[in-house]
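K.L.:
One structure, as structure tokens, below. Some questions next.
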Amino acid sequence: MKITDTRLRKKCLGALVAGTFLAATQAMATTYYVATDGNDNNAGSQAKPFATLKKANATVSAGDTVWIRGGVYNISDTSYVRNDQMSAGILLTTSGTGDDKRIHYLAYPGEKPVLDFTNLKIGQAYSHTGSIDSVMYTSGILIQASYLHLKGLEVRNVPMKYNSNVGVYIARSKHIFLEQINSHHNKGAGFFVNEKGTGSGGGHYFLNCDSHDNYDPNGRQGDGENADGFGVHYQTSGDTTKFYGCRAWWNSDDGWDFISQEFPVVVENSWAMGHGYSSYGTGKPANANGNGFKAGSSKTGNGRHTIKNCIAWKNKASGFYANHSSVGNYWFNNTSYSNGTAFNMWASTWDADDNRTDGVILKGDQAHVMKNNIAFPNKTAYIGGDYASGEYNTWNLNITPAASDFISVDDPSMTTTGKDLSLIAGMLGPRQADGSLPDLDFLKLKKGSQMIDKGVNVGIPYVGGGPDLGAYEYGMSSAAQSSSSNVAQSSSSAASSSSTVIPDPDPESSSSSEATTALNNTVTPIVTNTPMHVFDAQGRSLGTISLNGNDLESALRQKFGNAGVYIVSNGAKTVKVHLK
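Here the sequence shown is numbered in the numbering used here, starting from 977 and rising by one per residue.
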């Protein structure tokens, strides 16, 4: 057809250019594969995969996806990293260019890649003297990049000599998204974030990650001194790092540790159990601290963290600990059960010469804000009197929690030692199919509990006459509570893509009418003008669409114009649509 109308010709040319641009963009994004029987001289295809993530890192570009096949990867070689004066078994340095154009390193669906570092060549030096021969620290995975997404990997058995080593170390990085990463039995911390001196770094997101059974025996700094579950340290500016749905247990030091973190961190809907112990709870390392959530210390007063809807139980020291912080944190709707101390708001200040004064009283806008927390038992430290601001907590309300207030206070973690709890059904056992936390009755409030409706509104969704105390809202399903609490993340392409990536486009996908029906028949009914996330067949974000009265197929054609496979999610439901 000859186009004679100038406006129509321009419109068609614009559509052609837009379509060509989209096709070129999609074509530029490449999918690679890594497998235990691969070879780094291969092309990295599904039929001929790479053997190592080192090769993948050297090959990928922004927007690419690396599918990692299941099996045990025995990693022994290292790379020397001069800027951090350490070495790493896997070094990831190639960056994505934005939250919607990440580089994805993903476990192949239905398979479990295990990165085993038992034979890793580690730093042998007692202290550093400035050369590769004096490397002190070695990490299993070291990330120095931006906009990466890692999902479904197991990291284990990083060894040590004199100094504690780390399973997954993030430094000099921005917006790293870690999802369903399990880091355990390392001779040091499971995860460690160090954004010292990076300026605009940070903004990392940990979703449904586990860190457990990490222990650094008889290290240079003490027996069990540095093996935390999750550590975030030294950042002074940039973006906020967040944790959601994460678990830490039986790490020899602390579950979470933010010492010297001068920039806010958020921990939500996460659990910490049994810290200060080793060897599946049977050992008691001499220098272990043993706190569940150690949210301090800040010298400058800028590290004001938020800990909400979290549970800490059976930790040797405190369930929730401020650790000398010179500024208070926000502690909302947390539950502490059977810890050495439930909540400890120990505070300090530093003068110009860096001399520290302990046991100070934080006042005004520097004070801790503590609301809707349960201490069971009510054993607290540096909270009474003027030490910490607190209201609507069990100890302020003269509520003495009892076992009869809860559906259950029984869990294998309360009674089982000497065994791997990750293999036992319970709070620390297998996760749900989507990676979320187990939905169990442990520490949920029972009908008639004296903690129901006794809280105050702090912006966390609730039902009934008022918010309940503690991490669980009575009468609200765990799924609804998690969905409501995590609403801020639902607009993030990184978080949304977690449930949409698939490895193999299937032309026999659902019709648009079936897809529209599937999207409407959800717990959260779709609103026609509500944006929905759209991804390509490899799970890479293409943007958003709104129906605005159209059916799903028409909306996709109007926005993208191209035939192909599209994955659409409204946050509660994900469907695949094939446009022909």
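For glycine and all other residues, C-beta sits at the position ideal for the given N, C-alpha and C. Bear in mind the structure is a predicted one, so any value in this text is a computation, not a measurement.
What's the gap between the Cα of Phe1511 and the Cα of Lys1552?
P.N.:
The alpha-carbon atoms of Phe1511 and Lys1552 are separated by roughly 9 Å.
K.L.:
Considering only the alpha carbon of each residue, which of Ser1398, Ile1543, Met1452 and Asp1429 lies closest to Pro1443?
P.N.:
Looking at the Cα atoms, Asp1429 is the closest of the given residues.
K.L.:
Between the alpha carbons of Ile1287 and Gly1268, how many angstroms are there, rounded?
P.N.:
Each residue's Cα considered, the two are about 9 Å apart.
K.L.:
What does the alpha-carbon distance come out to for the pair Ala1471 and Leu1183?
P.N.:
The predicted model places Ala1471 with a pLDDT of 37, which falls under 50 and marks its position as unreliable; any figure quoted below should be read in that light. Cα to Cα, the separation comes out at about 8 Å.
K.L.:
Can you tell me the Cα-Cα spacing of Gly1340 and Gly1207, whole angstroms?
P.N.:
About 28 Å.
K.L.:
Threshold first: 4 residues or longer. Then list the alpha helix (DSSP H) segments lying entirely within the region 1090-1134, N to C.
P.N.:
With a minimum length of 4 residues, no continuous alpha helix (DSSP H) run stays inside the region 1090-1134.
K.L.:
Below 8 Å, how does it come out for the region 1361-1371 and the region 1388-1406: are there three or more Cβ pairs, yes or no?
P.N.:
Because the criterion of three Cβ pairs below 8 Å is not met, the region 1361-1371 and the region 1388-1406 do not touch.
K.L.:
In the structure shown, what three-state DSSP assignment does Phe1536 receive?
P.N.:
Three-state result, Phe1536: helix.
K.L.:
Return the CA-CA distance between Leu1413 and Lys1420, expressed in angstroms with no decimal places.
P.N.:
Cα to Cα, Leu1413 sits roughly 14 Å from Lys1420.
K.L.:
Return the Cβ separation of Leu1445 and Asn1349 in integer angstroms, given the expectation that the two are a contact with Cβ distance under 8 Å.
P.N.:
Going by Cβ atoms, the distance from Leu1445 to Asn1349 rounds to 7 Å, so yes, they are a contact pair.
K.L.:
How long is the line joining the alpha carbons of Gly1537 and Thr1035, rounded to whole angstroms?
P.N.:
So the alpha carbons of these two residues sit roughly 30 Å apart.
K.L.:
Alpha carbon to alpha carbon, how far is Thr1325 from Tyr1081? Give it in angstroms, no decimals.
P.N.:
Their backbone Cα atoms lie some 43 Å apart in a straight line.
K.L.:
Let's test the definition: count the other Cβ atoms within 10 Å of the Cβ of Phe997 and tell me whether it reaches 16, buried, or not, exposed.
P.N.:
Low confidence applies to Phe997: its pLDDT is 30, below 50, so where it sits in the model is not reliable, and the reading given next is rough at best. Counting Cβ neighbours within 10 Å, Phe997 comes out exposed, since fewer than 16 surround it.
K.L.:
Starting from Lys1292, follow the beta strand (DSSP E) in both directions and report where the run begins and ends.
P.N.:
That residue, Lys1292, is in no beta strand (DSSP E); it is neither H nor E in DSSP.
K.L.:
Considering only residues of the region 1343-1407, which uninterrupted alpha helix (DSSP H) runs meet the minimum length of 4 residues and lie entirely inside it, listed in chain order?
P.N.:
For the region 1343-1407, whole alpha helix (DSSP H) runs of length 4 or above, ordered along the chain, are 1388-1391.
K.L.:
On the three-state DSSP scale, how would you describe Thr1258?
P.N.:
In the structure shown, Thr1258 sits in coil (DSSP, three-state: anything other than H, G, I, E or B).
K.L.:
So for Ala1083, helix, strand or coil by DSSP?
P.N.:
It is a strand residue.
K.L.:
Less than 8 Å between the C-beta atoms of Leu1068 and Leu1124, yes or no?
P.N.:
Yes, Cβ-Cβ distance for Leu1068 and Leu1124 is below 8 Å.
K.L.:
Ordered along the chain, which non-local residues of its own chain (more than five positions away) have a Cβ less than 7 Å from that of Thr1073?
P.N.:
Correct list, in chain order: Ala1038 and Tyr1123.
K.L.:
DSSP three-state label for Gly1074, please.
P.N.:
DSSP places Gly1074 in strand when its eight states are reduced to three.
K.L.:
Look up Arg1058 in the DSSP assignment and say whether it is helix, strand or coil.
P.N.:
The answer is helix: DSSP assigns Arg1058 an H, G or I state.
K.L.:
Unbroken beta strand (DSSP E) runs of length 3 or more, entirely within the region 1188-1266: which are they?
P.N.:
Segments of the beta strand (DSSP E) lying fully in the region 1188-1266: 1206-1209, 1217-1220, 1223-1225, 1241-1244 and 1247-1249.
K.L.:
Please state the DSSP three-state secondary structure of Ile1543.
P.N.:
It is a strand residue.
K.L.:
Which term fits Arg1332, buried or exposed, when burial requires 16 or more other beta carbons within 10 angstroms of its beta carbon?
P.N.:
Looking at its Cβ environment, which holds fewer than 16 other Cβ atoms inside 10 Å, Arg1332 is exposed.
K.L.:
Which first and last residues belong to the alpha helix (DSSP H) in which Leu1154 is found?
P.N.:
Careful: Leu1154 lies outside any alpha helix (DSSP H), inside the beta strand (DSSP E) at Phe1153 to Glu1155.
K.L.:
Roughly how far, in whole angstroms, is the beta-carbon of Phe1234 from the beta-carbon of Gly1178, given that I think they are within contact range, below 8 Å?
P.N.:
Incorrect: roughly 12 Å between the Cβ atoms, too far for contact.
K.L.:
Is Asp1192 closer than 8 Å to His1160 when the C-beta atoms are compared?
P.N.:
Not a contact, by the Cβ cut-off of 8 Å.
K.L.:
What does the Cβ neighbour count give for Arg1058, buried or exposed, with the cut at 16 atoms within 10 Å?
P.N.:
Per the 10 Å Cβ criterion, exposed.
K.L.:
So, at 6 Å on beta carbons, what are the nonlocal neighbours of Thr1258 in its own chain, with the 5 sequence-adjacent residues on each side left out?
P.N.:
Hits under 6 Å: Thr1393 and Gly1394.
K.L.:
Could you tell me the distance, in whole angstroms, from the CA atom of Lys1556 to the CA atom of Gly1540?
P.N.:
Their backbone Cα atoms lie some 7 Å apart in a straight line.
K.L.:
Which residue marks the beginning of the beta strand (DSSP E) containing Ala1035, and which one marks its end?
P.N.:
Ala is not the amino acid found at residue 1035; the sequence shown has Thr there. Thr1035 -> not in any beta strand (DSSP E); alpha helix (DSSP H) instead, spanning Leu1029 to Thr1035.
K.L.:
Considering Cα atoms alone, identify which of Val1303, Val1042, Thr1114 and Asn1291 is closest to Ser1312.
P.N.:
Nearest C-alpha to Ser1312: Asn1291.
K.L.:
In the DSSP assignment, find the beta strand (DSSP E) that holds Phe1511 and state where it starts and stops.
P.N.:
Phe1511 -> beta strand (DSSP E) spans Met1508 to Phe1511.
K.L.:
Between the Cα of Gln1342 and those of Pro1085, Asn1278 and Asn1320, spot the shortest distance and give me the residue it belongs to.
P.N.:
Looking at the Cα atoms, Asn1278 is the closest of the given residues.
K.L.:
Where does Tyr1340 fall in DSSP's three states?
P.N.:
Going by the sequence as given, residue 1340 is Gly instead of Tyr. Here Gly1340 sits in helix by DSSP.
K.L.:
Which residue wins for smallest C-alpha separation from Thr1276, given the options His1300, Gly1266, Asn1309 and Gly1200?
P.N.:
Minimum Cα distance to Thr1276 is reached at His1300.
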